[in-house]
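Just so you know, the sequences run in chain order A and B. Okay, so the first sequence: first residue is 50 according to this note's numbering, each after it adds one. Okay, so the second sequence: first residue is 5 according to this note's numbering, each after it adds one. Beta carbons: idealized from backbone N, C-alpha and C, even for Gly.
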Amino acid sequence: NAGVTQTPKFQVLKTGQSMTLQCAQDMNHNSMYWYRQDPGMGLRLIYYSASEGTTDKGEVPNGYNVSRLNKREFSLRLESAAPSQTSVYFCASSDEPDSLGNQPQHFGDGTRLSIL
Amino acid sequence: DAKTTQPTSMDCAEGRAANLPCNHSTISGNEYVYWYRQIHSQGPQYIIHGLKNNETNEMASLIITEDRKSSTLILPHATLRDTAVYYCIVRRYNTNAGKSTFGDGTTLTVKP
Chain A
50 NAGVTQTPKF
60 QVLKTGQSMT
70 LQCAQDMNHN
80 SMYWYRQDPG
90 MGLRLIYYSA
100 SEGTTDKGEV
110 PNGYNVSRLN
120 KREFSLRLES
130 AAPSQTSVYF
140 CASSDEPDSL
150 GNQPQHFGDG
160 TRLSIL
Chain B
5 DAKTTQPTSM
15 DCAEGRAANL
25 PCNHSTISGN
35 EYVYWYRQIH
45 SQGPQYIIHG
55 LKNNETNEMA
65 SLIITEDRKS
75 STLILPHATL
85 RDTAVYYCIV
95 RRYNTNAGKS
105 TFGDGTTLTV
115 KP
């Protein structure tokens, strides 16, 4: 039972390079999310997708694009990487809210991205 | 969604109960309290959630005050593996989880 899988686990880029972070979930969840976590800080939401074909901006979307390729996959793209985007990136997914409106999130193990 | 306030750090002796407080004084009636934890270098892990009643599962207990303005996560017999950052989040009923945010959390250190 893989849950949420992120690739790659580590990546080093040069300033200006582009990169796509991949995320896939096998729990048939409708909603998927991308967060970044800078050293010593909490998670900040970049983008999320409430269902296949829809995406919405989160708290810190600038410099990123996303694609909800299908129900399983949600990718995050850095078109022109900057040192300020050095961070750990987490993908998460969640099911539809249950009858009580609850919606726990399930997280991947992250992609550690360094931009020189 | 209401904001939450947590202490920056706490220590706990191994085998003792760890009580992690969270203040959410602006919580509204249709908002739930969720707790997650993040063990070093891993993705956050869901622990428990509740509305107004106390809740218990295999990982922890959640005590919510009667006025719902604060809550306490209890790890009944803390182990060294419970050392982690614990996040308290408030989320409105039936609102997509993407509309709530993680704060800086409480770093719990369990000591031998």
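CA nearest to the CA of residue i, picked from the options
i                 : options                                   : result
ARG95 of chain B  : B:TYR40, B:GLN46, B:THR87 and B:PRO25     : B:TYR40
VAL53 of chain A  : A:ARG121, A:ASP147, A:LEU162 and A:LEU127 : A:ARG121
ASN151 of chain A : B:PRO25, B:HIS53 and B:THR8               : B:HIS53
LEU84 of chain B  : B:GLU18, B:THR8 and B:ASN23               : B:GLU18
PHE156 of chain A : A:LEU165, A:SER143, A:ASP147 and A:ILE164 : A:SER143
MET68 of chain A  : A:THR104, A:GLY112, A:THR103 and A:GLN154 : A:GLY112
LYS7 of chain B   : B:ALA64, B:PRO48, B:GLY109 and B:LYS115   : B:GLY109
PRO25 of chain B  : B:THR105, B:PRO116 and B:TYR90            : B:TYR90
GLN154 of chain A : B:THR12, B:THR76 and B:ILE51              : B:ILE51
ASN57 of chain B  : B:THR87, B:GLN49, B:SER75 and B:THR105    : B:SER75
Neighbourhood of residue i by C-beta, 7 Å cutoff - its chain only, sequence neighbours within 5 removed
i                 : result
THR56 of chain A  : GLN71
LEU118 of chain A : SER124
ASN114 of chain A : ARG126 and GLU128
GLN86 of chain A  : LEU92, SER136, VAL137 and PHE139
VAL61 of chain B  : The question names Val, but residue 61 of chain B in the sequence shown is Asn. Around ASN61 of chain B: ILE52.
GLN66 of chain A  : ALA130
LEU55 of chain B  : TYR36
Pairwise C-alpha distance: residue j and residue i
i                 : j                 : result
SER45 of chain B  : ASP158 of chain A : 8 Å
LEU162 of chain A : ILE93 of chain B  : 26 Å
GLN60 of chain A  : GLY89 of chain A  : 20 Å
TYR97 of chain A  : TRP83 of chain A  : 6 Å
VAL37 of chain B  : GLU145 of chain A : 18 Å
GLU59 of chain B  : SER116 of chain A : 37 Å
THR9 of chain B   : ALA131 of chain A : 32 Å
VAL114 of chain B : ASP75 of chain A  : 34 Å
ASP15 of chain B  : THR111 of chain B : 8 Å
ALA73 of chain A  : THR64 of chain A  : 27 Å
GLN134 of chain A : ILE164 of chain A : 7 Å
ASN23 of chain B  : LEU66 of chain B  : 10 Å
HIS107 of chain B : GLY33 of chain B  : Strictly speaking, residue 107 of chain B in this sequence is Gly, with His absent from that position. Their backbone Cα atoms lie some 21 Å apart in a straight line.
ASN77 of chain A  : GLU101 of chain A : 11 Å
PRO110 of chain A : ALA99 of chain A  : 16 Å
ALA141 of chain A : MET81 of chain A  : 6 Å
THR87 of chain B  : GLN42 of chain B  : 9 Å
MET103 of chain A : ASN79 of chain A  : Reading off the sequence shown, one finds Thr at residue 103 of chain A, where the question assumed Met. The alpha-carbon atoms of THR103 of chain A and ASN79 of chain A are separated by roughly 10 Å.
ASP147 of chain A : ALA51 of chain A  : 22 Å
PRO116 of chain B : PRO48 of chain B  : 24 Å
Own chain residues within Cβ distance below 8 Å of residue i, not counting five before or after
i                : result
ALA21 of chain B : ILE78, LEU79, PRO80, HIS81 and ALA82
THR12 of chain B : ASP108, THR110 and THR111
MET63 of chain B : ILE51, ILE52 and LEU79
ARG58 of chain A : Here residue 58 of chain A is Lys; the residue named in the question, Arg, does not match the sequence. ASP158, GLY159, THR160 and ARG161, listed in sequence order.
Other residues of its chain near residue i: CB distance less than 6 Å, five sequence neighbours each side excluded
i                 : result
LEU94 of chain A  : TYR84, GLY107 and GLU108
ASP105 of chain A : TYR97
LEU62 of chain A  : MET68, ALA130 and ILE164
Any non-hydrogen atom of the ligand COA within 7 Å of residue i CB
i                : result
ASN79 of chain A : The model on display carries no ligand, and the ligand COA is accordingly not part of it.
Next on the checklist: Could you check whether the region 68-75 of chain B touches the region 21-35 of chain B, counting it as contact only if at least three pairs of C-beta atoms, one from each stretch, sit closer than 8 Å?
Outcome noted: yes
Checklist entry - What runs of the beta strand (DSSP E), each 3 residues or longer, lie entirely inside the region 24-66 of chain B? => result 35-42 and 49-54
Checklist entry - Residue ranges of each alpha helix (DSSP H) run of no fewer than 4 residues wholly in the region 54-103 of chain A, ordered along the chain? => result none
Checklist entry - Which ranges would you report for the beta strand (DSSP E) in the region 104-129 of chain A if only whole runs of at least 3 residues count? => result 114-117 and 123-127
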